[in-house]
Every structure is written in structure tokens, then in C-alpha cells.
RNA sequence: GGGGGCGUGGUGUAGCGGUUAGCAUAUCGGCCUGUCAAGCCGGAGGUCGCGGGUUCAAAUCCCGUCGCUCCCGCCA
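Residue numbers (the working numbering): 10 to 629.
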């Protein structure tokens with residue numbers, strides 16, 4: 010070994026020992042006749058002190074191997090050293106003189122007096138500062154190109170470490186509960202349901218392609234039929250869809266499946282895991298245990314979204330029925346067209362400037378909302394508890410009756426000083442617009458406690474949604490999800506009303522996992538495929554193996570999958586999952602370090618029986 | 001597929017129609033024996049992402065394009 014100790018372990022009690030350390034030079038402080046090197050390795054930082062002054066060497070330390078570093082004095086070597094050089098140093102551990110300890114460092118009570126110093130590897134000046142947090146500000150493209158340097162930075166090194174701890178904890182948790190870890194193939198079969206597949210050509214089978222797994226869904230169900238009973242895997246998944254801060258083309262899931270269980274069993278086990286995981290890797294308290302359970306309908310009503318951030322209140326309210334016949338055309342017309350009118354209270358927002366309110370309106374537009382109706386309560390209520398016109402600041406109250414205003418104020422539970430914001434549109438616009446507005450208000454009004462872990466379950470999702478583009482019903486979760494027992498009877502007649510045995514787990518407004526109880530009977534699965542509009546031949550071609558497998562004794566089963574990167578990012582307080590991946594891709598799917606994707610040789614294409622089409626010319 | 005933001009020495013930024021393109025930090029050299037973002041002195045370093053246009057004059061205005069990023073669509 011080129012080191013006897015790590016750079017993180019020496020303490021005052023080690024004073025007097027002869028040690029050898031190796032690592033990177035985090036920083037050099039050159040005082041001429043006295044040079045300090047902060048030596049860094051994965052485990053910490055230790056100050057190396059280099060000087061010609063014999064007084065600095067402890068007289069009682071004998072180090073026979075130290076005789077001048079190949080002819081150059083240690084001081085001469087140290088003066089050539091620059092940031093990120095890799096060096097090896099031998100010397101005596103010394104307690105620092107009183108008053109010169111550094112409480113910021115775990116090793117700050119000691120220093121190593123270099124008697125022998127060797128440069129193992131020189132380093133170019135890095136494109137950004139490795140030590141400290143200055144590198145956080147650097148353009149991400151630069152950081153990604155030099156990812157191996159970025160990962161040296163304390164923040165990313167910490168995130169890698171945290172991810173390791175989380176995955177280790179998860180593995181041990183499920184090992185201890187009799188789960189079998191099984192690896193499933195990366196080369197699978199493309200199916201049209203769900204996300205776009207990444208596709209891999211087969212050299213040996215011209216014109217045929219594998220698909221990379223969007224998740225090991227079918228394989229884990231087949232493992233249940235195989236009798237594995239409790240399966241899990243830390244599985245890499247691939248989806249060829251547009252990217253976001255919380256989405257990468259390849260990502261990692263905790264994938265899990267259990268036989269002979271109901272939804273509550275899967276939820277309880279995973280809730281236990283998440284509670285103990287949180288205690289293990291985070292100082293933050295969990296807001297509520299057991300985790301609150303919301304139905305999908307409740308979540309949509311209160312928060313306008315199926316992954317609510319419940320760290321703060323500000324629940325939405327609906328006034329559709331009170332303003333259905335309003336003189337205010339926007340409300341009346343929206344309601345007549347089947348829309349809903351919902352709102353949110355902005356605490357103490359009545360005094361917001363017109364510019365701030367316009368900012369909120371702009372905020373809501375990307376979600377399709379045409380605007381925001383708003384009522385600020387600037388004055389006092391009258392004797393009846395109603396707010397007269399002079400107590401309100403609003404462009405719309407002149408179109409509303411006193412009763413309508415009272416209903417809106419009551420619905421909002423608003424008091425003097427509050428601002429009420431309303432959206433009138435179809436539910437698919439109103440809910441997302443207000444859900445995101447709620448988060449924005451929460452942030453602006455400083456209502457979101459960053460030191461809370463607010464887990465919740467969302468259950469009773471609709472099984473199906475109508476895809477107007479393709480004019481058919483499609484599975485919200487996936488086509489193997491079971492309907493609730495009592496809803497099978499209406500699958501054909503009232504598909505919109507069928508609820509699934511599906512559950513999502515949400516943390517601070519991020520969907521970190523989701524799962525379901527699966528269909529395990531061939532004929533039910535067939536009904537499901539037919540409901541999704543697949544012909545018998547399509548079913549046979551794409552899913553025949555599943556239907557066949559179900560005929561050989563399939564146990565009732567269900568499971569869950571959790572996004573490892575999202576979980577780690579939340580515990581790491583990272584804004585993007587890229588911060589918790591070693592080598593992430595850009596939002597256009599590029600790897601800036603390897604410069605992938607890249608063209609391949611014609612020979613390689615020929616071998617794969619592939620011809621690349623020219624980009625279609627602009628039809629101009 | 002669509003919309004927003006950003007792009008100026010290595011890095012982070014100021015400048016937003018006429019500047020010698022400024023500052024900080026890193027970097028290089030000199031001085032320096034107790035620093036830990038060491039300090040002091042001095043130096044070098046920029047085709048202002050790229051292409052085109054407007055103008056007497058463009059980092060600055062316009063158009064296009066590329067890259068990064070956020071969002072909508074898409075995606076569990």
C-alpha cells in the first residue's frame with residue numbers, strides 16, 4: 010500500500026506516529042520557508058507541513074527511511090506542487106501547536122511533518138475549483154465534460170456516498186426479509202404500451218431488434234409464476250422520452266414483487282423500509298407516521314395533482330356549483346362547457362403589487378390557464394361577516410353577486426389580508442395550473458419547510474384514461490394492473506369509473522415510487538387487453554407469453570418500483586437527479602464526457618443490417 | 001413538436017450602439033516560517049458560442065443556427 014493511513018483518520022492520539030499518506034493536493038499554502046499542503050483522499054483532508062527548519066521535526070521521532078527525497082529537499086518538492094497533484098508523503102504525526110488547530114477539519118488537531126515527499130502524478134490546472142463549493146456555480150456542461158473532476162468535489166463525492174448508503178440499506182432490508190435478488194435481462198422485447206423503447210439491432214437476426222427494459226415488469230411477474238415469491242432488484246431502466254430535471258434516459262429502480270399479497274401488504278413493507286431508511290440517512294423528521302393515505306380523487310380535489318407536497322396546507326377549493334349561473338361570463342361559460350372553477354388562498358397576498366399578481370398569471374399560463382381571477386380582501390367584514398365592495402380589491406367582483414362573493418370567500422376560508430386566486434377551465438387545465446400555483450405560493454410565502462420529510466400514499470387511481478389522439482382507452486399504470494374486485498363488472502360499460510389496485514408513494518411532492526396488484530388470471534388479462542383495443546393477434550404476438558404463463562398456476566401477486574435517483578436526490582437536497590448520478594446525460598440525452606451518441610462505421614451498420622436515412626429535408 | 005432563460009479571459013460575472021471590453025477568482029513570476037479561501041507585489045491571459053444582416057460604428061439591435069438549462073406536450 011502506498012499509504013498507512015487515510016487522510017481522514019489521524020487524531021491527536023496518533024501524535025508521534027510515523028505515517029505515510031497518499032492523495033490529491035486540495036490546496037497549497039506557500040509561506041516560502043514553510044509550506045502547507047492539504048492532502049485529500051476519499052476519507053478526508055490532512056494538513057501536511059513542509060519546512061527545512063529542523064525545529065519543526067519532532068526530535069524523538071526516528072524515521073530511517075527519510076533522507077531527503079531523492080536529493081531534493083521536501084521544501085523544493087513542495088514548492089513545485091500544484092492543486093490536484095497526486096503525492097505521497099511520509100512523516101511524523103504532530104499535535105499542532107496550541108492555537109493553530111483547525112476545528113473545520115476532522116483531522117484539525119494534528120499535522121504531518123513531511124520528511125519524505127514524492128509527486129506520484131502531476132495535474133493540469135483543473136477547469137474549475139475542486140475544493141470547497143465554488144464549483145457549484147460552474148456551468149453544468151463544463152462539469153459534465155470533466156465529470157471525473159466534478160466527482161472529486163465534496164458535494165458530489167458526498168452524493169455518491171449517500172447513494173451507496175441508501176442502496177446498501179435497501180439491499181440489506183430486503184435480504185433480511187427473505188427477498189431473492191434476481192437479475193433480469195437488459196435485452197428484451199419491444200412492446201407498444203408505455204414509453205418509447207430504446208432499441209438494439211440484432212446482428213444474427215436481420216431486421217429484428219431487442220428493446221431495453223422500461224422496467225423489468227414482465228420479468229418480475231414471470232418470476233412470481235416461477236415461484237420466487239419475494240423478488241427484488243436494483244434495476245437499470247431505459248425510456249426514450251424527453252428529459253427533465255427528474256428524468257434521465259437511463260435510471261435505476263428498486264424493483265420489487267411479492268406473491269400472495271394485497272396492496273396493504275406491499276405498502277406496509279415499503280413504508281417500514283422508507284421509515285427506517287429515513288432514520289438511517291437523514292436528520293430530517295418524517296411529518297406523519299403512518300404515512301397519510303389519500304385517494305386519487307382526494308389528492309386531485311385538495312391539491313390538483315396526484316403527487317401532492319403535503320408539507321404545507323393551502324388546499325384548493327371548488328366553487329363551480331356556486332358560480333354556475335354567475336353574471337361573470339368566464340365562470341358561467343367554463344361551467345357550461347363541463348369545466349370547473351377552483352381556487353387557492355394566498356395568505357396575506359391582498360397587498361401584492363399588480364406586477365406580482367401579473368407574475369402569478371404568467372406563472373399559470375404554461376399549464377393552459379388563460380388567466381387568473383383574483384379577489385384581494387383589503388378591508389374589514391361587515392356585521393354579517395360579509396366583505397363589502399370597498400373591502401375588496403378585484404377586477405371581477407363587479408360581475409359577481411354578493412352571494413357568489415361570500416361563497417368564494419367562505420370556500421377559500423379567507424380573511425382580511427388574503428388574496429384569492431381562481432381558475433375556470435376544464436379539469437385538465439384547472440387542476441395542474443392550481444397545483445403548480447400552490448407550489449409557487451408556498452415558495453413565495455415561505456410555507457415549505459425544507460427540513461421535513463412528508464411522505465404520503467396515493468391510492469385508488471383510475472385504471473384507464475381515454476387517449477383522444479388514438480381514440481382508445483389506455484392503462485394509466487400499465488396493462489397488468491388489476492382493477493378493484495368490485496369494478497371488474499363495469500370494465501366494458503364504464504371504463505372511466507374503474508379504479509385500479511394501484512398505489513404511489515410521494516415524498517415532498519415527488520413521486521418516488523408506484524406499484525399495483527397485478528392481474529394473475531389469463532382471462533382477466535385478456536379482457537384487459539381487449540379493453541385497451543388490442544386485437545387477438547396483437548395480444549398473441551406481444552403478450553402471448555404472459556397469457557400462456559398465467560395458465561400454468563400464477564399466484565396472486567403485486568409489487569412496487571421506486572426511483573432510486575429521486576429518493577437519493579431528496580435526501581441529498583439536490584434539485585436534479587443528475588446530481589446523484591455518477592455519469593448523467595444532458596437534457597438532449599448526450600454524454601458530454603464520452604461524446605455519445607456518436608455515428609458508427611458503415612461496416613458496423615452493414616453487419617447490423619441497418620441503413621441510416623438522411624434527415625428529412627425541410628419542406629420549404 | 002412547442003415555449004422561456006442563459007452563452008463575454010480557465011471559471012464566475014459587469015458592460016446592452018462609440019469603453020484601451022471592467023471586476024473577482026484561478027493561473028504564472030517574485031517576496032514571505034504558522035497558514036487553513038494564507039498574505040503582499042508584479043505579469044500573462046478575450047476571434048464577447050457560431051453564421052448572416054442593420055448601422056458611419058455591433059459584445060450590445062435583428063434573423064438564423066449550435067450548445068446547456070427549465071417548463072408544456074411526452075413519460076411512472
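Glycine residues also receive a C-beta, built at the ideal position from the N, C-alpha and C atoms.
Here the structure is a predicted model, which means the values were calculated and not measured.
Practice problem: Mind listing, in chain order, the continuous beta strand (DSSP E) runs of no fewer than 3 residues lying wholly within the region 520 to 602? | Solution: 566 to 572
Quiz item: Can you give the beta carbon distance from residue 29 to residue 53, rounded, assuming they're within the 8 Å contact cut?
Solution: With a Cβ gap of about 16 Å, residue 29 and residue 53 do not count as contacting.
Quiz item: Between which two residues does the beta strand (DSSP E) harbouring residue 32 extend?
Solution: 27 to 39
Practice problem: In the DSSP assignment, find the unbroken alpha helix (DSSP H) run with residue 341 in it and report its ends. | Solution: In the DSSP assignment, residue 341 falls within the alpha helix (DSSP H) that extends over 338 to 345.
Self-check item: CA nearest to the CA of residue 354, picked from 345, 367, 382
Solution: 382
Quiz item: Per the contact definition of three or more C-beta pairs closer than 8 Å, is the region 165 to 178 in contact with the region 118 to 127?
Solution: no
Quiz item: How long is the line joining the alpha carbons of residue 524 and residue 476, rounded to whole angstroms?
Solution: Take the alpha-carbon of residue 524 and the one of residue 476: they are about 22 Å apart.
Self-check item: Those runs of the alpha helix (DSSP H) which lie wholly inside the region 267 to 321 and span at least 4 residues
Solution: Counting only runs of 4 or more, we get 272 to 290, 305 to 312.
Quiz item: If you drop the 5 nearest sequence neighbours on each side, which residues of the same chain put their C-beta closer than 7 Å to that of residue 156?
Solution: Contacts found: 592, 602.
Exercise. Give me the Cα-Cα distance between residue 94 and residue 179, rounded to the nearest whole angstrom.
Key: 37 Å
Exercise. Out of 138, 567, 224, state which residue places its alpha-carbon closest to the alpha-carbon of residue 162.
Key: 138
Quiz item: Starting from residue 331 and walking both ways along the alpha helix (DSSP H), at which residues does that stretch end?
Solution: 329 to 332
Quiz item: Looking only at its own chain, which residues have a Cβ that is under 7 Å from the Cβ of residue 403, when we skip the five neighbours before and after it?
Solution: 383, 384, 385
Quiz item: Are there 16 or more other CB atoms within 10 angstroms of the CB of residue 109, so buried, or fewer, so exposed?
Solution: exposed
Quiz prompt | Cβ-based neighbour list, residue 410, same chain, cut-off 8 Å, excluding 5 preceding and 5 following | solution = The residues are 335, 336.
Quiz item: Does DSSP classify residue 134 as helix, strand or coil?
Solution: coil
Quiz item: In or out: residue 437 buried (at least 16 other Cβ within 10 Å) or exposed?
Solution: exposed
Quiz prompt | Extent of the continuous beta strand (DSSP E) run through residue 399 | solution = Annotation for residue 399: no beta strand (DSSP E) segment contains it, and DSSP assigns it neither H nor E.
Quiz item: Of the residues 104, 36, 290, which one's Cα is nearest the Cα of residue 26?
Solution: Among 104, 36, 290, the Cα nearest to that of residue 26 belongs to 104.
Self-check item: residue 296 versus residue 302 - alpha carbon distance
Solution: 13 Å
Quiz item: Residue range of the alpha helix (DSSP H) that residue 184 falls in?
Solution: 163 to 184
Self-check item: 7 Å Cβ cutoff met for residue 508 and residue 496
Solution: yes
Quiz item: With DSSP run on the structure shown, which of helix, strand or coil describes residue 374?
Solution: helix
Quiz item: Are the beta-carbon atoms belonging to residue 221 and residue 207 less than 7 Å from one another?
Solution: yes
Self-check item: Status (buried if at least 16 other CB within 10 Å, exposed otherwise) for residue 518
Solution: buried
Exercise. Starting from residue 474, trace the beta strand (DSSP E) both ways and give me its first and last residue.
Key: Looking at the DSSP string, the run of the beta strand (DSSP E) that includes residue 474 is 473 to 476.
Practice problem: Would you mind listing the beta strand (DSSP E) stretches within the region 427 to 457 that are 3+ residues and don't spill past its ends, in chain order? | Solution: 428 to 434
Quiz item: residue 498 to residue 270, Cα distance in whole Å?
Solution: 22 Å
Exercise. Grab me the residues of residue 441's own chain with a C-beta within less than 6 Å of its C-beta, minus the 5 sequence neighbours each way, in chain order.
Key: 376
Practice problem: Pick out the complete beta strand (DSSP E) segments inside the region 86 to 132, 3 residues or longer, and give them in chain order. | Solution: 95 to 104, 119 to 130
Quiz item: Per DSSP, residue 55 is paired with what?
Solution: 48
Quiz item: Beta-carbon separation of residue 223 and residue 248 under 7 Å?
Solution: yes
Quiz item: Between which two residues does the beta strand (DSSP E) carrying residue 619 extend?
Solution: Premise fails: residue 619 is in no beta strand (DSSP E) and is neither H nor E.
Quiz item: Exposed or buried, which one is residue 251 when buried takes at least 16 other CB atoms within 10 Å?
Solution: Exposed, by the Cβ-count rule.
Quiz prompt | Boundaries (first-last residue) of the alpha helix (DSSP H) holding residue 243 | solution = Taken as a continuous stretch (DSSP letters only), residue 243 belongs to no alpha helix (DSSP H), being part of the beta strand (DSSP E) at 239 to 247.
Quiz prompt | As assigned by DSSP and simplified to three states, the class of residue 254 | solution = Collapsing the DSSP output to three states places residue 254 in coil.
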